[in-house]
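Numbering (the UniProt record's numbering), first residue to last: 1 to 509. C-beta atoms are modelled at their ideal positions from N, C-alpha and C, and glycine is treated no differently. Written out below as structure tokens is the structure these notes cover.
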Ligand SMILES: [Zn+2]
Ligand SMILES: [Zn+2]
């Protein structure tokens, strides 16, 4: 795709005739180069069709120079002689290359206008118009029609104007941006469909000077305000306030340029605030999470939300900020609390035959996964009391020893006819080792922060959702990054209403 056949033919020609001139073209980005080459190919193709033979680079350039000079002279005198030359282009529609014709996008109302215009009497009293030329600009075509009796010319475009630009072109930028498509994907899609493309510069000017970015931002802001109003309308809010979840997201692991901390509502799981800091604003990637958190929580509270508890993954500096500065209840999320449990159990649950009963215990070998489930169960059923949580964790050992007197009433082992699915623990050394491991878990040690069983599953899920809009392998400029983030926030807030918080779902990720 990169080496157009023109280069080859130029070389052959040069070799044949001995005169050669090379031109260097510099492109800022590969996309721009591809775009340019594709345009070149397109123009060359249409020229070839018109002349009914292949056109080389030399002819192509000469033709383009002719056009430029002609355009200059046309501005000064709008004579009719140029029109007769343009009429020849009608030949482009004949022949069998129909499938290669470019496509364009047309508004229904513009099409109606065209039909109406074509059937209207011309000032000369005839109805005999013919399309004499068209120009594609982005996805829109602008065609010129001429009356065959009096040579009067009329223009028609397939799109109306919004501001000084075609509405359709702006609408398609809006569409591909909101769909989370990357500019390169948009470009390739349009190129393969011969649908016309708008260039990077055009897109950037719509984003920036036409106020698109600002509009997206205010829409996202409105979406978050609406979410806050929704929380305030719940019955629990009046008495308990709201608990929120925060989690940091870096835009790439090796070279984090942007760090984002979204703030999710614990009750309705919608985003209520979101702060992104770039390297320019905060140089150190390691402390950027804290800096973002320090912005996002006051921001959410300034919007009138009574935040009473913040859940996040285990980050000490964020914890001290929440507890000491904001004086709010701090929670760790359950997912991070349990994710290493099975791994930590490995040393006492597996080993060589020789060391069995010494460093590891066969009776524990089937309990790695189930311990995790038990810990979840304990967090969920401790009634937000750290003491209950600790008791419940140590009771896991008794449960596996067949002593169920302290097990939760709702637990299946309290029902008659219960048959344990796991091996009973009888070895006192195994009991001791298992108890010791359980007491080392993050959840046991930090029971105060785990007893509310707040999980940041939703924020992890939001981060996953973000990949559609902000894939980590692509670097975005800060303006584009924030815009795409805002779109992701709106998309999330509109689609998160799936009411469930089951543990099983958490295990699935
Ligand atoms: Zn006429
Ligand atoms: Zn039990």
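Coil, strand or helix - residue i by DSSP
i, result
"residue 294", "helix"
"residue 118", "helix"
"residue 270", "coil"
"residue 446", "coil"
"residue 147", "strand"
"residue 379", "helix"
"residue 137", "strand"
"residue 259", "strand"
"residue 177", "helix"
"residue 419", "coil"
"residue 354", "coil"
"residue 100", "helix"
"residue 207", "helix"
"residue 129", "strand"
"residue 311", "strand"
"residue 188", "helix"
"residue 276", "strand"
Any non-hydrogen atom of ligand 2 closer than 6 Å to residue i Cβ
i, result
"residue 382", "no"
"residue 404", "yes"
"residue 399", "yes"
"residue 284", "no"
"residue 451", "no"
"residue 263", "no"
Sequence-distant residues of its chain with Cβ nearer than 8 Å to residue i (five each side left out)
i, result
"residue 397", "425, 431, 434, 435 and 438"
"residue 477", "none"
"residue 208", "479"
Cβ shell of residue i (< 6 Å), same chain only, five flanking positions each side left out
i, result
"residue 150", "124"
"residue 172", "139"
"residue 55", "44, 47 and 48"
"residue 105", "139 and 168"
"residue 114", "156"
Near ligand 1: residue i beta-carbon under 6 Å from a heavy atom
i, result
"residue 118", "no"
"residue 126", "yes"
"residue 149", "yes"
"residue 274", "no"
"residue 190", "no"
"residue 152", "yes"
CA-to-CA distance, residue j to residue i, given in whole angstroms
i, j, result
"residue 312", "residue 184", "36 Å"
"residue 496", "residue 122", "57 Å"
"residue 67", "residue 61", "10 Å"
"residue 250", "residue 31", "26 Å"
"residue 260", "residue 287", "12 Å"
"residue 157", "residue 163", "15 Å"
"residue 293", "residue 204", "30 Å"
"residue 382", "residue 389", "5 Å"
"residue 141", "residue 466", "35 Å"
"residue 403", "residue 322", "40 Å"
"residue 77", "residue 165", "Bear in mind that the predicted position of residue 77 carries a pLDDT of just 48, short of 50, making it unreliable; the figure below should be weighed with that in mind. C-alpha separation (whole angstroms): 27 Å."
"residue 102", "residue 187", "15 Å"
"residue 190", "residue 19", "38 Å"
"residue 170", "residue 211", "11 Å"
When the options are compared against residue i, the one with the closest alpha-carbon
i, options, result
"residue 241", "251, 229 and 252", "229"
"residue 268", "232, 278 and 301", "232"
"residue 238", "407, 490, 440 and 307", "307"
"residue 128", "165, 154, 278 and 353", "154"
"residue 594", "281, 362 and 339", "Lying outside 1 to 509, the shown extent of the chain, residue 594 is not represented and no answer is given."
"residue 243", "199, 412 and 265", "265"
"residue 472", "391, 406, 258 and 361", "258"
"residue 296", "284, 275 and 305", "275"
"residue 489", "179, 367 and 120", "179"
"residue 143", "110, 24 and 119", "110"
"residue 107", "452, 69 and 159", "159"
"residue 464", "449, 475, 485 and 450", "485"
"residue 459", "270, 352, 326 and 491", "270"
"residue 457", "423, 349, 333 and 475", "333"
"residue 227", "405, 132 and 305", "305"
"residue 380", "450, 317 and 445", "450"
Cβ-based neighbour list, residue i, same chain, cut-off 7 Å, excluding 5 preceding and 5 following
i, result
"residue 341", "371, 372, 375 and 441"
"residue 447", "386, 389 and 390"
"residue 300", "244, 263, 272, 273 and 307"
Chain B contact for residue i (CB, 7 Å cutoff)
i, result
"residue 316", "Protein chain content of the structure displayed is limited to a single chain, and chain B is not contained in it."
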